[in-house]
Amino acid sequence: MYDFFVKLDRRWIFLMMGLAVAIPILTQLKFPETPSPMVMDVYNAIEQLPEGSNVLLAYDYDPASEGELQPMASAFTRHCARKKHNMYFMTLWPQGPPMVARSEAILKSEFPDYKYGEDYVSLGFRTGNEGVIKLMTTDLRALYANDVRGTNLDDIPMTKNLKNIQKMDLIVNVSAGTPGSKEWVQYAATPYDIKMVAGTTGVGAPALYPYIPNQLHGVLGAIKAAAEYEQAMMNRYEDLQDNDNAQEGLRRMGPQLVGHMLMIALIILGNVIYFTQKSREASR
Amino acid sequence: MKQSTLVWTALMLLGGGFLVYRASTAGMGQVYVRAVEVDPEGDAAGWTNEVAVQPNQRSEPDVRLSWSRTIGLWIAAFFTFAIFSFLWGDNAIYKFAEAVFIGSSAGYAMVIGFWDGIIVLLFRRLTPGLMRDSFLPSVPDDATISWWFLVPLVFGLMMLWRLAPTGGWISRWALAFFIGATAGLRLIAYFESDFVEQIRSTIMPLVVMAPTWQVTLGHTLKNLTVLAGILTCIVYFFFSVEHKGVVGRVARVGIWFLMITFGAGFGYTVMGRIALLSGRFEFLFDDWLWIIDPVGKRLGM
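Respectively, the protein sequence lines represent chains F and V.
The first sequence begins at 1 in our numbering and counts up one residue at a time.
The second sequence begins at 1001 in our numbering and counts up one residue at a time.
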């Protein structure tokens, strides 16, 4: 048995992981979630804003991170629309506009009363990384003369009086790296004391925890937090329980459970093999 | 025949046979669209947008099969398998997918950067009339030339001078400005948010009392853990004193804190990677193969 595991081709492990993820998807395995305090902090930041508040939604990610971040971006969009907040979408990533368009598609299909220019607007992508944030905090027009559709900001009801983003009631950032949440904290939330919440990839989450709670109100870390956020929304808005589109994160937790169990088993097995190998070498 | 060649051939034949069977029986991998008329603004000509619809709406009168989007879907599925094939070993199909990805990403970023940086930000300010008549009809009639934008134009040209056979040093002036300005911006941002504010965040009560003057054990332990973690990790990275005796023991505790942080980071990374894999599998099983239907896109078909 020991020799079998020592000589095991790593491709069998890839196959096992593939099956561990594929089978729960094929069988539609899903579990209820209990929102953690951190997730509820983020949830309440949007929920407790008065209706019609101005929320800047910066979606700084690309298709490579879509599987992990789209569920939380969709949940943020739905939540803001439920609360009738004014939404200002933008992105600092060149591949970001299609990701923002997905949120616009949610508004068009699930909130037909939401009107472009009056309830939400998409500012699109601007090149310049953190320089864009720096300028937006003082002079929006220096970078944004028109929205993503090419309409002059002076002709859009939501933006014609918007000078900068200092008066935003909340910044919601979904980020897959740089520029992303860290830059928003450094150039907007901290110097201008703007309330901010973030959703980020698992890899990026630990780097944001030191900013909580003074500079960042809360963080959604990876798909687990997205699923908990969806659950929190379903607890509050019960009609969402019938909306399968609003449960993308919850669907992804079935594969997570089986995949993690396999990973834990492999770590234990790897350690057993390692220590067996050491003891055999010592006894020689 | 080599064993790997045999395995690949068998997998290809099995996969191809399944696709033929699936396509001929239940249907798969098709994208349907509906034409939506867009109202023109002012004197501009109107146009038609094609909006993707769910496959179960395909029998509706104004819905048709979109060949371009269907081919795009199949290409996406092919490239997903091409990248997955690296798990078996490095191969030509993977290399091809990798090259296409890098090339298209670079091309896309270049086009977006040119449009956004040169056209929208620079030429719009320097030649508003020309831009209004050509690419940017939303430029207002009273827009004036911003002569200050000659500075970034000149700096941009100086940067491009690197490509010339002589006088490459000219680009250093623009580069020096860029590095200096970026360093200054970042220094202030880091100093304020990652130094001053982080110190402020760690000034916290070591014993947390409830309004009833009872010690809140959970919060107290949390604050003590944060303080211990900060102090021991700082000692670990303090190399002016040799790590032995008390300093060595404290630094060792710091290593434990760091290891726990790395472990949490690893756990998060595993979660992230599995989420990405399940996202890709959902694409293959749902959008392409039509094996699952989690959001009811094909109900009633």
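Even for Gly, the Cβ is constructed at its ideal location relative to N, Cα and C.
Less than 8 Å between C-beta atoms, sequence neighbours within five positions excluded: which residues of the same chain meet that for residue i?
i, result
"residue 1087 of chain V", "none"
"residue 1227 of chain V", "1202, 1204 and 1206"
"residue 46 of chain F", "55, 76, 79, 80, 83, 85, 170, 172 and 197"
"residue 261 of chain F", "20"
"residue 1091 of chain V", "1085"
On the premise that residue j lies in contact with residue i, defined as a C-beta separation below 8 Å, what is that separation, rounded to the nearest angstrom?
i, j, result
"residue 1276 of chain V", "residue 128 of chain F", "With a Cβ gap of about 28 Å, residue 1276 of chain V and residue 128 of chain F do not count as contacting."
"residue 201 of chain F", "residue 219 of chain F", "Incorrect: roughly 11 Å between the Cβ atoms, too far for contact."
"residue 1268 of chain V", "residue 206 of chain F", "6 Å"
"residue 120 of chain F", "residue 140 of chain F", "No, residue 120 of chain F and residue 140 of chain F are not in contact; Cβ-Cβ is about 16 Å, not under 8 Å."
"residue 188 of chain F", "residue 215 of chain F", "Contact doesn't hold; Cβ gap of about 10 Å is too wide."
"residue 1063 of chain V", "residue 1048 of chain V", "Not a contact, Cβ separation roughly 14 Å."
"residue 242 of chain F", "residue 1295 of chain V", "Going by Cβ atoms, the distance from residue 242 of chain F to residue 1295 of chain V rounds to 11 Å, so no, they are not a contact pair."
"residue 1032 of chain V", "residue 1066 of chain V", "7 Å"
"residue 1190 of chain V", "residue 186 of chain F", "7 Å"
Please say whether residue j and residue i have beta carbons closer to each other than 8 Å?
i, j, result
"residue 85 of chain F", "residue 233 of chain F", "no"
"residue 1076 of chain V", "residue 1290 of chain V", "no"
"residue 1030 of chain V", "residue 1055 of chain V", "yes"
"residue 285 of chain F", "residue 60 of chain F", "Since the first and last residues shown for chain F are 1 and 284, residue 285 of chain F lies out of range."
"residue 1272 of chain V", "residue 203 of chain F", "yes"
"residue 249 of chain F", "residue 223 of chain F", "yes"
"residue 97 of chain F", "residue 124 of chain F", "yes"
"residue 1225 of chain V", "residue 1208 of chain V", "no"
"residue 1116 of chain V", "residue 126 of chain F", "yes"
"residue 255 of chain F", "residue 71 of chain F", "no"
"residue 1018 of chain V", "residue 26 of chain F", "no"
"residue 94 of chain F", "residue 1108 of chain V", "yes"
"residue 17 of chain F", "residue 259 of chain F", "yes"
"residue 150 of chain F", "residue 1126 of chain V", "no"
"residue 122 of chain F", "residue 110 of chain F", "no"
"residue 1292 of chain V", "residue 28 of chain F", "yes"
"residue 1254 of chain V", "residue 1235 of chain V", "yes"
"residue 1153 of chain V", "residue 1122 of chain V", "yes"
"residue 1082 of chain V", "residue 1097 of chain V", "yes"
"residue 1257 of chain V", "residue 1233 of chain V", "yes"
"residue 152 of chain F", "residue 146 of chain F", "yes"
"residue 297 of chain F", "residue 118 of chain F", "Beyond the ends of chain F as shown, which are 1 and 284, falls residue 297 of chain F; an answer cannot be given."
"residue 1174 of chain V", "residue 1158 of chain V", "yes"
"residue 1156 of chain V", "residue 1162 of chain V", "no"
"residue 73 of chain F", "residue 90 of chain F", "no"
Could you work out which residues of chain F lie near residue i, taking near to mean beta carbons separated by less than 8 Å?
i, result
"residue 1138 of chain V", "145, 146, 150, 151, 152 and 155"
"residue 1300 of chain V", "Correct list: empty, because the minimum Cβ distance to chain F is about 15 Å."
"residue 1112 of chain V", "94, 125 and 127"
"residue 1087 of chain V", "11 and 14"
Apart from the five residues on each side of it in sequence, which residues of its chain come closer than 7 Å, Cβ to Cβ, to residue i?
i, result
"residue 136 of chain F", "143, 164 and 165"
"residue 1139 of chain V", "1124, 1128, 1131 and 1132"
"residue 1287 of chain V", "1073"
"residue 12 of chain F", "none"
"residue 1301 of chain V", "1055 and 1056"
"residue 281 of chain F", "none"
"residue 276 of chain F", "2"
Below 8 Å on C-beta distance, what does residue i contact in chain V?
i, result
"residue 26 of chain F", "1285, 1291 and 1292"
"residue 215 of chain F", "1193, 1197 and 1201"
"residue 244 of chain F", "1294, 1295 and 1296"
"residue 66 of chain F", "1279"
Closer than 6 Å by C-beta to residue i: which residues in its own chain qualify, once you throw out the five before and the five after it? Chain order, please.
i, result
"residue 1283 of chain V", "none"
"residue 175 of chain F", "60, 181 and 200"
"residue 1280 of chain V", "1080"
"residue 35 of chain F", "228, 231 and 232"
"residue 1299 of chain V", "1056"
"residue 292 of chain F", "Absent from the structure is residue 292 of chain F, since the part of chain F shown begins at 1 and ends at 284."
"residue 1101 of chain V", "none"
Residues of chain F with CB closer than 9 Å to the CB of residue i, please, in chain order.
i, result
"residue 1141 of chain V", "Per Cβ cutoff of 9 Å: no residues; residue 1141 of chain V is ~11 Å from chain F at best."
"residue 1185 of chain V", "130, 131, 134 and 187"
Can you pull the chain F neighbours of residue i, defined as C-beta to C-beta under 7 Å?
i, result
"residue 1282 of chain V", "25"
"residue 1124 of chain V", "145"
"residue 1176 of chain V", "Ordered by position in chain F, no residue passes the 7 Å Cβ test against residue 1176 of chain V, which lies about 17 Å from the chain."
In chain V, what lies closer than 7 Å to residue i by C-beta?
i, result
"residue 223 of chain F", "1271 and 1275"
"residue 297 of chain F", "Nothing can be reported for residue 297 of chain F: it is not among the residues displayed for chain F, which extend from 1 to 284."
"residue 190 of chain F", "1192, 1193 and 1197"
So with CB distances below 7 Å, who are the chain C contacts of residue i?
i, result
"residue 1268 of chain V", "The structure shown has no chain C; the protein chains it does contain are F and V."
Report the neighbours of residue i on chain V: residues whose CB is nearer than 9 Å to its CB, in chain order.
i, result
"residue 48 of chain F", "Simply none; closest approach about 22 Å."
"residue 252 of chain F", "1274, 1275, 1278, 1279 and 1282"
Uninterrupted alpha helix (DSSP H) stretches inside the segment 1032 to 1117 of chain V (no shorter than 4 residues): 1067 to 1084 and 1092 to 1113
Going along the chain, which unbroken runs of the alpha helix (DSSP H) with 4 or more residues stay wholly within the segment 63 to 117 of chain F? 66 to 82 and 97 to 110
Every unbroken beta strand (DSSP E) inside the segment 177 to 246 of chain F [3 residues or more]: 196 to 200 and 218 to 221
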